[in-house]
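Asks: Line order of the protein sequences matches chains A and B.
Those letters in the first sequence? Residues 712 to 835, per our numbering, in order.
Those letters in the second sequence? Residues 19 to 263, per our numbering, in order.
All C-beta atoms, glycine included, are put in the ideal place defined by N, C-alpha and C.
Below you'll find the structure I mean.
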Amino acid sequence: MATAHATTGHDTPADAAAGHAEGQQHPIKLYMVVWGWLFILSAASYAVDYFHVQGYLRWTLILIFMTLKAGLIVAVFMHMAWERLALSYAILVPPVLVLVFVAMMVIESEYTHWLRVFFFAGGG
Amino acid sequence: MNDSTLTTMEPAATAGAVARPEGWRGFAADWSSDQRAFKGVSWGKAMMWIFLLSDTFIFGCFLLSYMTARMSTTVAWPNPSEVFALHIGGQDVPLILIAIMTFVLISSSGTMAMAVNFGYRRDRVKTAVLMLITAIFGATFVGMQAFEWTKLISEGARPWENPWGAAQFGSSFFMITGFHGTHVTIGVIFLLIVARKVWRGDYDRGTRGFFTSRKGHYEIVEITGLYWHFVDLVWVFIFAFFYLW
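This is the structure in structure tokens:
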């Protein structure tokens, strides 16, 4: 990142007063661009529903727009792109492991669904 | 990060000492050193991130239980596109309220990001005003959610039943959106507290107190921002999985 360099939180007010960049300083334009993209991606998500896109295409589009939006928010608005990897991995890796939990619960709910169809067909 | 960035990062630390490695080597070095792992990150910011990680698991579990309920029920799941439609100008517009709520929350994230920027420039007035606008967007969101809840409750939606299909829809809806709305509400209060302190100049003077850094840093604005962007982030997932899926 050559354009927007981040400094750490070590600076004293004296440093800042001396014109030293403090904290997460990035151009306002960058935030505006990300803001615009979040609007576009949200509109695209909404369009998927509005135009009744169905099936795998619907789920794929929803997931793509969701991932891009989440990525932009975390990377730029929350400044994760400029943090040291020690923090980034500590925060970003654990949620990915939730996918294991998701896989387990998909198997579990399919089994529950099968039980309900088999034993209580037509019931709740 | 290139080398020139590294040298500008910490002039004092790099003057006599060996520069810390970047990338994977830096990750390994930071975590294996007999020091604090998060190096330049202050405790306040690190703790907010760790709190947000815990909150991620909470919302993750909510969405997971919703997924489990929806996948395992034999009764048809209500179509959110129709349930959340509004009757405008003689026709039903699908999900329109949710779309507007999404744009309101995204806009609040934009103003918050700019508030953080002006905070680090020590521009007291602009920071406070932008935080206030963020809080107003947040309050608008909560207001629209109250409208959404009122409409659904008047149509017969309850945590244990609803007129459109699987009963679990009600419990999932009130649990997930209710918890998110609570987060937004807390965020609005948090924003107003910090905005008032910024406006008064507490961070210029280094006034001690609740949510006030001792050294007179504006970093609390960024920490508040982290919480606020997280609320927006959670909504991205709720919007995708609950309203669109």
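1. Report yes if the CB atom of I194/B is closer than 8 Å to the CB atom of Y84/B, and no otherwise.
2. Checking the sheet assignment: what are the DSSP bridge partners for G227/B?
3. May I ask you to list, following chain order, the residues of the segment 108 to 136 of chain B that have a beta carbon less than 7 Å from some beta carbon of chain A?
4. So, at 6 Å on beta carbons, what are the nonlocal neighbours of M149/B in its own chain, with the 5 sequence-adjacent residues on each side left out?
5. Using beta carbons (cut-off 8 Å, strictly below), is D21/B in contact with chain A?
6. Alpha helix (DSSP H) containing V252/B: first to last residue?
7. Does V212/B come out as helix, strand or coil in the three-state DSSP assignment?
8. When the cut-off is 8 Å and only beta carbons count, does W67/B lie next to chain A?
9. Here's a check: name, in chain order, each residue in its chain whose Cβ is nearer than 8 Å to the Cβ of Y236/B, leaving out the five neighbours to either side.
10. Could you round the C-beta distance between G782/A and E240/B to whole angstroms and report it? I think they count as a contact, below 8 Å.
11. Report, in whole angstroms, the separation of the C-beta atoms of T129/B and I151/B, which I expect to be a contact under 8 Å.
12. Sort F197/B, V143/B, T168/B by Cα distance to G219/B and report the nearest one.
13. Beta carbon of L71/B, beta carbon of I773/A: below 8 Å?
14. Mapping DSSP to helix, strand and coil, what is E821/A?
15. Using a Cβ-Cβ cut-off of less than 8 Å, give me the residues of the segment 192 to 207 of chain B that come near chain A, in sequence order.
16. What's the C-alpha gap between D21/B and S51/B?
17. Using CA coordinates, which residue listed in T91/B, G161/B, A157/B is at the minimum distance from V828/A?
18. Distance, Cα to Cα, V764/A vs P98/B?
19. Who pairs with Q735/A in a beta bridge, going by DSSP?
20. Rounded C-beta distance between E784/A and V254/B? I'm assuming under 8 Å.
21. Taking 6 Å as the limit between beta carbons, can you name the residues of its chain near S799/A, skipping five residues before and five after?
22. Using a Cβ-Cβ cut-off of 8 Å, state whether K740/A counts as contacting chain B.
23. With respect to the beta strand (DSSP E) encompassing I106/B, which residues constitute its N-terminal and C-terminal limits?
24. Could you work out which residues of chain B lie near I773/A, taking near to mean beta carbons separated by less than 7 Å?
25. Which residue marks the beginning of the alpha helix (DSSP H) containing V134/B, and which one marks its end?
26. Note down, in chain order, each residue of its chain lying with its Cβ closer than 8 Å to the Cβ of P177/B, except the 5 sequence neighbours on either side.
27. Helix or strand or just coil, what does DSSP make of S22/B?
28. Just checking: is the beta-carbon of A786/A within a distance shorter than 8 Å of some beta-carbon in chain B?
29. State the CB to CB distance for the pair F257/B and T120/B, rounded to an integer number of angstroms; the pair is presumed to be in contact (CB under 8 Å).
30. Put D222/B into one of helix, strand or coil per three-state DSSP.
31. By the 10 Å Cβ neighbour count, where 16 or more other Cβ atoms means buried, how is L244/B classified, buried or exposed?
32. For the candidate residues L104/B, V147/B, E179/B, whose alpha-carbon lies nearest to that of M162/B?
Replies: Once the coordinates are examined:
1. Along the second sequence, read from residue 1 onward, the residue named residue 194/B stands at position 176. Along the second sequence, read from residue 1 onward, the residue named residue 84/B stands at position 66. Yes. Within cutoff.
2. For the purposes of this step, residue 227/B is taken as residue 209 along the second sequence, with counting starting at 1. For G227/B, which the question treats as bridged, DSSP gives the partners T230/B.
3. From the segment 108 to 136 of chain B, only P112, L113, A117, T120, F121, I124, S127, G128, A131, M132, V134, N135 have a Cβ closer than 7 Å to chain A.
4. Here residue 149/B corresponds to residue number 131 of the second sequence, with the count starting at 1. A133, L209, A213, listed in sequence order.
5. Here the question's residue 21/B lines up with position 3 in the second sequence. Because the pLDDT at D21/B is just 43, under 50, the model does not fix this residue reliably, and the value given afterwards should be weighed accordingly. Not one chain A Cβ lies under 8 Å of D21/B.
6. Within the second sequence, numbered from 1, the residue matching residue 252/B stands at position 234. Segment 237 to 256, the alpha helix (DSSP H) holding V252/B.
7. Counting from 1 along the second sequence, the entry for residue 212/B is found at position 194. If DSSP states are grouped into helix, strand and coil, V212/B belongs with the helices.
8. Taking the second sequence and counting its residues from 1, one reaches residue 67/B at position 49. Yes, because at least one Cβ of chain A sits closer than 8 Å to the Cβ of W67/B.
9. By one-based count along the second sequence, residue 236/B stands at place 218. The beta carbon of Y236/B lies closer than 8 Å to those of G137, Y138, R140, T145, V216, Y221 in the same chain, with the five residues before and after it left out.
10. Here residue 782/A corresponds to residue number 71 of the first sequence, with the count starting at 1. Here residue 240/B corresponds to residue number 222 of the second sequence, with the count starting at 1. Incorrect: roughly 19 Å between the Cβ atoms, too far for contact.
11. Indexing the second sequence from 1 puts residue 129/B at position 111. Indexing the second sequence from 1 puts residue 151/B at position 133. T129/B to I151/B, Cβ: 5 Å. Contact.
12. As a working mapping, residue 219/B is identified with position 201 in the second sequence. Distances from the CA of G219/B to each of F197/B, V143/B, T168/B were compared; the closest alpha carbon is that of V143/B.
13. By 1-based counting over the second sequence, the position of residue 71/B is 53. By 1-based counting over the first sequence, the position of residue 773/A is 62. No, Cβ-Cβ distance for L71/B and I773/A is not below 8 Å.
14. Translated into positions along the first sequence, residue 821/A becomes position 110. Looking at E821/A - three-state DSSP - the assignment turns out to be helix.
15. none
16. The residue you call residue 21/B lines up with position 3 of the second sequence. The residue you call residue 51/B lines up with position 33 of the second sequence. With a pLDDT of 43 at D21/B, under the threshold of 50, the modelled position of that residue is not reliable, and the figure given next carries that caveat. The straight-line gap from Cα to Cα measures roughly 21 Å.
17. Taking the first residue of the first sequence as 1, we reach residue 828/A at position 117. Per the Cα distances, T91/B.
18. Here residue 764/A is taken as the residue at index 53 of the first sequence, counted from 1. Here residue 98/B is taken as the residue at index 80 of the second sequence, counted from 1. Straight-line measurement puts the Cα of P98/B at about 14 Å from the Cα of V764/A.
19. Within the first sequence, residue 735/A is the residue found at index 24, counting from 1. Its beta-bridge partners do not exist; DSSP assigns none.
20. Residue numbering aside, residue 784/A sits at position 73 when the first sequence is read from its first letter. Residue numbering aside, residue 254/B sits at position 236 when the second sequence is read from its first letter. It should be noted that the sequence gives Ile, not Glu, for residue 784/A. Confirmed, about 7 Å.
21. For the purposes of this step, residue 799/A is taken as residue 88 along the first sequence, with counting starting at 1. Cβ neighbours of S799/A within its own chain (closer than 6 Å, five residues either side excluded): M791.
22. Counting from one through the first sequence, the residue named residue 740/A turns up at place 29. Taking Cβ atoms only, chain B never reaches closer than 8 Å to K740/A, which makes this a no.
23. Against the second sequence, residue 106/B aligns to sequence position 88. Here the beta strand (DSSP E) through I106/B covers 104 to 106.
24. Numbered from 1 along the first sequence, position 62 holds the residue referred to as residue 773/A. Chain B residues near I773/A: A258, L262, W263.
25. Taking the first residue of the second sequence as position 1, residue 134/B is located at position 116. Its alpha helix (DSSP H) spans residues 114 to 138.
26. The residue labelled residue 177/B in the question sits at position 159 within the second sequence. Same-chain partners within the cutoff: G188, S189, F192, M193.
27. The residue labelled residue 22/B in the question sits at position 4 within the second sequence. Bear in mind that the predicted position of S22/B carries a pLDDT of just 42, short of 50, making it too unreliable to give a figure here.
28. If you number the first sequence from 1, residue 786/A lands on position 75. False, the Cβ-Cβ gap to chain B never drops below 8 Å.
29. The residue labelled residue 257/B in the question sits at position 239 within the second sequence. The residue labelled residue 120/B in the question sits at position 102 within the second sequence. Between T120/B and F257/B the Cβ distance is about 6 Å, and since that is below 8 Å, they are a contact.
30. The count along the second sequence starts at 1 and reaches residue 222/B at position 204. In this structure, D222/B counts as helix in the three-state DSSP scheme.
31. Position 226 of the second sequence, counted from the first residue, corresponds to residue 244/B. In the assembly as shown, L244/B is a buried residue. Its beta-carbon has 16 or more other beta-carbons within 10 Å.
32. Looking up residue 162/B in the second sequence gives position 144. For M162/B, the nearest C-alpha among the options comes from L104/B.
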